[in-house]
Amino acid sequence: MQSVLPLFGARTPPSVHHLDFSGKSPNSNCLFFNPIPITTSIRPSLLSTETLSRNLVCRASAGKYVREDYLVKKLSAKEIEEIVKGERKVPLVIDFYATWCGPCILMAQELEMLAVEYEHNALIVKVDTDDEYEFARDMQVRGLPTLFFISSDPNKDAIRTEGLIPIQMMRDIIDNEM
């Protein structure tokens, strides 16, 4: 009878990163930069016993996808309707998402970065499709995440994307198509 041996023996596999989140940030409103360095240890190769240390830019999220201090605000269907019908001088980006959707969580991080970058040049909002099911149905949202780019010029057509798209594509749409 053959015995099955673990691939890495009793050691931790070299691809597993050990993160240290013991420090508390004195500025909890800081979105992108953490003044306390967060380090992770990795091995440079499978055969090496040397361990490298590096600083990470930010901490992992605490599990909340919509917080009060985020720039991308969650709005209701009625609030979106008022914004679309009202006078705007900047383009509107509407993110249809769900809290259980993995790609939506990744897109939320990119949209938050865009909101910082385009703080006065675009309005980025989000709609939870579980809370606003009828609105999502009326907007023909079939897959998540779905983004609508609505120009401030009423003569331009809205642009719709479905699925996870790169941040550069979002920049190009806002800069060139709106």
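For the sequence shown, my numbering assigns the number 141 to the initial residue and increments by one for each residue that follows. Here a beta-carbon is modelled for each residue, glycine too, at the ideal position from N, C-alpha and C. Note that this is a predicted model, so its numbers are computed, not measured.
Integer-rounded CB distance, given that Ile220 should sit under 8 Å from Tyr258: Start at 1 with the first residue of the sequence shown, and residue 258 comes out as number 118. Start at 1 with the first residue of the sequence shown, and residue 220 comes out as number 80. Between Ile220 and Tyr258 the Cβ distance is about 18 Å, and since that is not below 8 Å, they are no contact.
For a quick check, are the C-beta atoms of Phe289 and Glu317 less than 8 Å apart? To locate residue 289, count along the sequence shown from 1; it is residue 149. To locate residue 317, count along the sequence shown from 1; it is residue 177. Yes, they are a contact pair.
Less than 7 Å between the CB of Phe288 and some heavy atom of the ligand ADP, yes or no? For the ligand ADP, the structure offers nothing, since it holds no ligand at all.
Taking the DSSP output, what are the residues bridged to Leu287? As a working note, residue 287 is residue 147 in the sequence shown. Bridge partners of Leu287: Asp235, Thr301.
Compare the C-beta of Val233 against all C-beta atoms of chain B and say whether one is closer than 8 Å. As a matter of chain content, chain B is missing from the structure shown, which is built from one protein chain.
Output the distance between the C-alpha atoms of Thr286 and Asp293, rounded to the nearest integer angstrom. Here residue 286 is taken as the residue at index 146 of the sequence shown, counted from 1. Here residue 293 is taken as the residue at index 153 of the sequence shown, counted from 1. Linking Thr286 to Asp293 through their CA atoms gives a straight-line distance of about 21 Å.
Which of helix, strand or coil does DSSP assign to Leu246? Within the sequence shown, the letter at position 106 stands for residue 246. Of the three classes helix, strand and coil, the one that applies to Leu246 here is helix, per DSSP.
Identified DSSP bridge partners for Leu263: For the purposes of this step, residue 263 is taken as the residue at position 123 of the sequence shown. The bridge partners DSSP lists for Leu263 are Leu232.
Exposed unless 16 or more other CB atoms sit within 10 angstroms - verdict on Met309: For the purposes of this step, residue 309 is taken as residue 169 along the sequence shown, with counting starting at 1. Exposed is the call here.
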